[in-house]
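Student: To start, I am sharing the structure in question, which I have written as structure tokens.
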Amino acid sequence: MTTRLLLALAACLLGIAPISAVAQNGPLRIEITEGVIEPLPIAIAPFLTEGAAQSLADDITAVIKADLEGSGLFRAISPNSFISPITSFDSPVQYADWKAINAQGLVTGAVSVTGDRITVKFRLFDVFSEAALGDGLQFSGSGDSWRRLAHKVADQVYSRITGEGGYFDSRVVFVSETGPKDARDKRLAVMDYDGANVAYLTGAGTLVLAPRISRDGGQVLFTSYDSGFPRITILDTGTLQTRALENQPDSMTFSPRFSPNGSTVLFSLSQGGNTDLYSMPVSGGASTRLTQAPSIETAPSYSPDGGQIVFESDRSGSQQLYIMPANGGEARRISFGPGRYGSPVWSPRGDLIAFTKQNQGRFHIGVMRTDGSEERLLTASFLDEGPTWAPNGRVVMFTRETAGAGGAPALYSVDITGRNLKPVPTPGAASDPAWSPLLD
Amino acid sequence: MYRLSTLIILCAGLALSACTDRFGGAVPADGVAGSNADPSSPAYFQQSVGDRVLFAVDESTLNAAARATLTEQAKWLQANQMFTAVIEGHADEQGTREYNLALGARRASAAREFLISQGVASSRLRVLTYGKERPLEVCSTEVCYSNNRRAVTVLATGVGA
């Protein structure tokens with residue numbers, strides 16, 4: 001079996017392959033939407049090494065554990081309490097020994113190295129059903145991709161137990177901030193979703209705002225002040241080359257967003273003091289005006305199918321959320337609660353809109369259904385803003401800024417149930433996160 | 001009464017704008033070209049004419065004080081034709097980033113339109129929004145916010161606006 005798998009994987013950067021053909025579904029299950037109060041206890045057996053360095057196997061186990069515990073849905077049982085340590089990947093599981101320590105699930109795995117390629121294989125067991133939960137799988141990749149391999153294992157475990165897609169093997173583009181509050185230096189950076197592998201995409205001494213990452217991760221749209229004026233710029237994440245999008249004379253552009261297929265950029269253009277929504281091909285060319293109103297129209301975001309746009313407008317007299325067809329036309333207001341609503345973002349699942357709400361001097365991140373019903377505020381602080389969706393539409397990341405002269409922004413994430421609010425580690429002050437889709 | 005209020009406004013503007021950089025922050029007095037003693041210098045424009053106007057929360061309407069300052073700015077610009085200007089619009093931090101960019105553009109544009117109405121050629125005036133990205137004062141109370149909601153007229157020479 002191993003030989004066949006290796007052959008199948010030989011051409012892949014990050015290979016994926018089943019280990020056994022037997023799939024059984026037990027009752028091991030978390031319903032995220034119900035709001036998980038008590039994390040599910042699971043045993044993550046330290047991954048074995050099959051020729052790899054022990055430290056590599058330990059590092060991979062640690063990332064899987066951090067992913068699953070970080071989701072707020074799982075609690076990893078200390079290996080010190082394991083009754084029968086796993087000594088071989090293919091040994092039969094002694095379910096009674098795992099039931100005895102109240103492990104609901106068991107993850108086992110092993111790491112091997114062939115040349116520059118690492119292979120990580122794992123199995124997931126439903127302890128109380130005494131059955132495997134899904135097939136064993138293995139992932140392989142180059143030596144420097146070990147964190148991604150670990151994230152992929154964690155995504156599989158998360159996905160099999162929750163029935164939702166995972167989100168761990170993903171990246172976040174954000175703005176790294178330094179300097180005093182009245183002269184902030186802002187540069188683009190990218191990192192893994194958990195804060196690892198930070199890389200800077202633009203130089204120091206600049207002002208850049210609100211990046212967005214393309215579906216394939218290859219391009220980043222952002223607002224740059226390099227020309228002296230705010231202007232939408234596109235960056236190739238491979239070459240770090242940038243190109244300002246075509247501009248109309250005496251106009252300023254900002255708040256860009258990719259269409260789901262990545263070919264169109266939706267943005268705000270301000271001219272003569274009036275800000276409206278436009279779209280244009282990412283490759284360049286003529287722009288199309290989508291709104292024609294003396295009010296402010298900004299912060300647009302496409303629905304996952306590309307057919308509709310949610311945006312904010314103060315046409316009613318205050319900032320509110322609206323949805324209109326992707327080619328413009330009549331908009332319907334969806335926000336009606338007290339306060340002001342801005343920076344709406346359509347969930348990748350299509351079911352919810354995340355937004356920033358300002359009410360009575362406080363800022364909130366919230367979600368509502370696309371018809372405006374079931375509004376739910378997830379956070380409250382001096383200044384929370386700019387939500388971005390995890391690839392599975394179950395977590396949002398956002399900017400939280402503290403007050404005063406020494407105030408600084410940081411990244412936070414929270415579940416759509418309002419649980420598991422926590423800071424996302426960054427090297428320094430950070431703002432405007434944009435979460436990528438799951439990587440291939 | 002009108003003359004008196006104008007005088008008060010000008011004095012207030014003077015106190016605010018002494019020794020300021022292009023965003024209106026405190027810097028050494030040589031941050032802007034020329035001497036305040038030279039009425040055709042950018043330093044005089046900034047410190048004696050008054051280079052900024054302030055706005056109410058979430059508003060871009062010019063109040064009487066703002067119109068008075070802009071009237072003086074227009075006179076100065078008409079008398080000093082070698083200068084062009086970029087009008088920078090700013091917002092306080094109580095708003096979302098994108099909305100504040102749009103609001104700053106509205107404020108800068110309101111100031112520009114007023115200057116044009118006073119006879120300044122539109123080709124000499126360009127608007128720029130910084131949203132909430134460049135506060136003048138950094139506290140998180142109305143004392144600071146009221147000075148951050150501003151449009152600042154920044155002079156340049158020899159560059160088409």
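Chains A and B supply the protein sequences, listed in that same order. All residue numbers for the first sequence refer to full-length UniProt numbering, where the first residue is 1 and numbers rise by one. All residue numbers for the second sequence refer to full-length UniProt numbering, where the first residue is 1 and numbers rise by one. Built from N, CA and C at the ideal position, the CB exists for glycine as well. Computed from a predicted structure; not experimentally measured.
Decide if the region 31–51 of chain B is in contact with the region 112–125 of chain B; the criterion is three or more beta carbon pairs, one per stretch, under 8 Å apart.
Tutor: These segments do not touch.
Student: Taking just the CA atoms, how far does Glu374 (chain A) sit from Thr239 (chain A)?
Tutor: Taking the first sequence and counting its residues from 1, one reaches residue 239 (chain A) at position 239. Taking the first sequence and counting its residues from 1, one reaches residue 374 (chain A) at position 374. Going from the Cα of Thr239 (chain A) to the Cα of Glu374 (chain A) covers about 44 Å.
Student: Looking at Glu69 (chain A) and Val111 (chain A), is the spacing between their C-beta atoms short of 8 Å?
Tutor: On the first sequence, residue 111 (chain A) is found 111 positions in, with the first residue counted as 1. On the first sequence, residue 69 (chain A) is found 69 positions in, with the first residue counted as 1. No. Outside cutoff.
Student: Any contact of the region 118–125 of chain A with the region 151–159 of chain A, i.e. 3+ C-beta pairs under 8 Å?
Tutor: In short, these stretches touch, since the Cβ pair count reaches three.
Student: So which residues on chain A does Pro135 (chain B) lean against when the C-beta distance must stay under 7 Å?
Tutor: Mapped onto the second sequence, residue 135 (chain B) falls at position 135. The answer, in chain order, is Lys181, Asp182.
Student: Kindly indicate the opening and closing residues of the alpha helix (DSSP H) around Gly70 (chain A).
Tutor: By one-based count along the first sequence, residue 70 (chain A) stands at place 70. Counting along the chain, the alpha helix (DSSP H) containing Gly70 (chain A) begins and ends at 54–70.
Student: Can you name, in chain order, every residue of its own chain whose Cβ lies under 7 Å from the Cβ of Ala74 (chain B), other than the five neighbours on each side?
Tutor: The residue labelled residue 74 (chain B) in the question sits at position 74 within the second sequence. Hits under 7 Å: Leu115, Gln118, Gly119, Val120.
Student: Quick check on DSSP: helix, strand or coil for Pro79 (chain A)?
Tutor: The residue given as residue 79 (chain A) occupies position 79 in the first sequence. It is helical.
Student: With DSSP as the reference, label Trp346 (chain A) as helix, strand or coil.
Tutor: By one-based count along the first sequence, residue 346 (chain A) stands at place 346. Strand at Trp346 (chain A).
Student: Does the separation of the CB atoms of Gly109 (chain A) and Phe168 (chain A) fall below 8 Å?
Tutor: As a position in the first sequence, residue 109 (chain A) is number 109, starting the count at 1. As a position in the first sequence, residue 168 (chain A) is number 168, starting the count at 1. No, the Cβ-Cβ distance between Gly109 (chain A) and Phe168 (chain A) is not below 8 Å.
Student: Alpha carbons only, please: which of B:Gln46, B:Phe55, B:Ala91 is nearest the one belonging to Glu72 (chain B)?
Tutor: For this step, residue 72 (chain B) is matched to residue 72 along the second sequence. Comparing Cα positions, the closest option is B:Gln46.
Student: Report back the beta-carbon spacing between Pro348 (chain A) and Pro391 (chain A) to the nearest angstrom; my notes put them in contact at under 8 Å.
Tutor: The residue labelled residue 348 (chain A) in the question sits at position 348 within the first sequence. The residue labelled residue 391 (chain A) in the question sits at position 391 within the first sequence. So it is a contact: roughly 6 Å between Cβ atoms.
Student: For Thr356 (chain A), which residues from the same chain have a beta carbon less than 6 Å from its beta carbon, with the 5 sequence-adjacent residues on both sides left out?
Tutor: In the first sequence, counting from the first residue as 1, residue 356 (chain A) sits at position 356. Counting only Cβ-Cβ distances below 6 Å, and skipping sequence neighbours, we find Gly342, Ser343, Glu385.
Student: Fully enclosed by the region 99–145 of chain B, which beta strand (DSSP E) runs are 3 residues long or longer?
Tutor: Complete beta strand (DSSP E) runs here, min 3: 125–131.
Student: Is any non-hydrogen atom of the ligand SAH found closer than 7 Å to the C-beta of Ala108 (chain B), if you look at the structure I gave you?
Tutor: Absence of the ligand SAH is noted for the structure shown, with no ligands found whatsoever.
Student: Applying the criterion that 16 or more other CB atoms from any shown protein chain within 10 Å of the CB defines a buried residue, is Thr426 (chain A) buried or exposed?
Tutor: In the first sequence, counting from the first residue as 1, residue 426 (chain A) sits at position 426. By the 10 Å Cβ count, Thr426 (chain A) comes out buried.
Student: Cα-Cα, which of A:Gln308, A:Lys186, A:Phe82, A:Arg419 is closest to Gly328 (chain A)?
Tutor: Numbered from its first residue, the first sequence carries residue 328 (chain A) at position 328. Comparing Cα positions, the closest option is A:Gln308.
Student: Counting only runs of 3+ residues fully inside the region 211–250 of chain A, write out the beta strand (DSSP E) ranges in chain order.
Tutor: Complete beta strand (DSSP E) runs here, min 3: 219–224, 231–236, 242–244.
Student: What does DSSP give as the partner residues of Pro325 (chain A) in its beta bridges?
Tutor: For the purposes of this step, residue 325 (chain A) is taken as the residue at position 325 of the first sequence. DSSP lists A:Gln308 as partners of Pro325 (chain A).
Student: Would Gln248 (chain A) pass as an interface residue toward chain B - the criterion being a Cβ-Cβ separation below 8 Å?
Tutor: In the first sequence, residue 248 (chain A) corresponds to position 248, counting from 1. No, because no Cβ of chain B sits closer than 8 Å to the Cβ of Gln248 (chain A).
Student: Taking only the alpha-carbon atoms, compute the straight-line gap between Glu59 (chain B) and Gln94 (chain B) and give it to the nearest angstrom.
Tutor: Here the question's residue 59 (chain B) lines up with position 59 in the second sequence. Here the question's residue 94 (chain B) lines up with position 94 in the second sequence. Roughly 13 Å separates the two Cα atoms.
Student: Please give me, in chain order, every unbroken run of the alpha helix (DSSP H) with length at least 4 that falls completely inside the region 135–191 of chain A.
Tutor: Within the region 135–191 of chain A, the complete alpha helix (DSSP H) runs of at least 4 residues are 146–162.
Student: Checking 8 Å against the spacing of the C-beta atoms, do Asp434 (chain A) and Val172 (chain A) come in under that value?
Tutor: The residue labelled residue 434 (chain A) in the question sits at position 434 within the first sequence. The residue labelled residue 172 (chain A) in the question sits at position 172 within the first sequence. According to the sequence as given, residue 434 (chain A) is Ala; it is not Asp. Yes. Within cutoff.
Student: Return the residues of the region 383–397 of chain A that lie within a Cβ-Cβ distance of less than 8 Å from chain B, sorted by chain order.
Tutor: Those residues of the region 383–397 of chain A that come within reach of chain B (Cβ to Cβ, closer than 8 Å) are Leu383, Glu385, Gly386.
Student: In the region 198–212 of chain A, which residues sit with their C-beta less than 7 Å from some C-beta in chain E, listed in chain order?
Tutor: No chain E is present in this structure, whose protein chains are A and B.
Student: Counting contacts by CB-CB distance shorter than 8 Å, is Arg52 (chain B) in contact with chain A?
Tutor: Position 52 of the second sequence, counted from the start, is the residue given in the question as residue 52 (chain B). So no, Arg52 (chain B) is outside the interface.
Student: Ser140 (chain B) touches chain A at which residues, Cβ-Cβ below 9 Å?
Tutor: Your numbering for residue 140 (chain B) matches position 140 in the second sequence. The contacting residues are Phe382, Leu383, Thr402, Ala403, Gly404, Ala405, Gly407.
Student: I'd like to check one pair, Thr253 (chain A) with Leu245 (chain A): are the Cβ atoms closer than 8 Å?
Tutor: Translated into positions along the first sequence, residue 245 (chain A) becomes position 245. Translated into positions along the first sequence, residue 253 (chain A) becomes position 253. Yes, these two residues count as a Cβ contact at 8 Å.
Student: Name the DSSP bridge partner or partners of Asp415 (chain A)?
Tutor: Residue mapping note: residue 415 (chain A) aligns to position 415 of the first sequence, counting from 1. According to DSSP, Asp415 (chain A) bridges with A:Val395.
Student: Among A:Thr417, A:Ser431, A:Val310, which has the Cα closest to the Cα of Gly72 (chain A)?
Tutor: Here residue 72 (chain A) refers to the residue found at position 72 of the first sequence. That would be A:Thr417, whose Cα lies nearest to the Cα of Gly72 (chain A).
Student: Roughly how many angstroms lie between the CA atoms of Gln271 (chain A) and Ser287 (chain A), to the nearest whole one?
Tutor: Position 271 of the first sequence, counted from the start, is the residue given in the question as residue 271 (chain A). Position 287 of the first sequence, counted from the start, is the residue given in the question as residue 287 (chain A). Taking the straight line from one Cα to the other gives about 14 Å.
Student: Does the CB of Ser109 (chain B) have a neighbour CB from chain A at under 8 Å?
Tutor: Looking up residue 109 (chain B) in the second sequence gives position 109. Yes, its Cβ sits closer than 8 Å to a Cβ of chain A.
Student: Suppose the cutoff is 7 Å on Cβ atoms and the five residues either side in sequence are ignored; what does the same chain contact list for Glu330 (chain A) look like?
Tutor: Looking up residue 330 (chain A) in the first sequence gives position 330. Cβ within range, chain order: Met324.
Student: For Gly166 (chain A), is the classification buried or exposed, using 16 other Cβ atoms within 10 angstroms of its Cβ as the cut-off for buried?
Tutor: Indexing the first sequence from 1 puts residue 166 (chain A) at position 166. Buried, since its Cβ has 16 or more Cβ neighbours within 10 Å.
Student: Give me the chain A residues within the contact set of Thr61 (chain B), using Cβ-Cβ distance strictly less than 8 Å, ordered along the chain.
Tutor: Taking the first residue of the second sequence as position 1, residue 61 (chain B) is located at position 61. None at all; the shortest Cβ gap to chain A is about 12 Å.
Student: Along the region 287–311 of chain A, where does the CB come closer than 7 Å to a CB of chain B? Name the residues.
Tutor: Within the region 287–311 of chain A, the residues whose Cβ lies closer than 7 Å to some Cβ of chain B are Ile296, Thr298, Ala299, listed in chain order.
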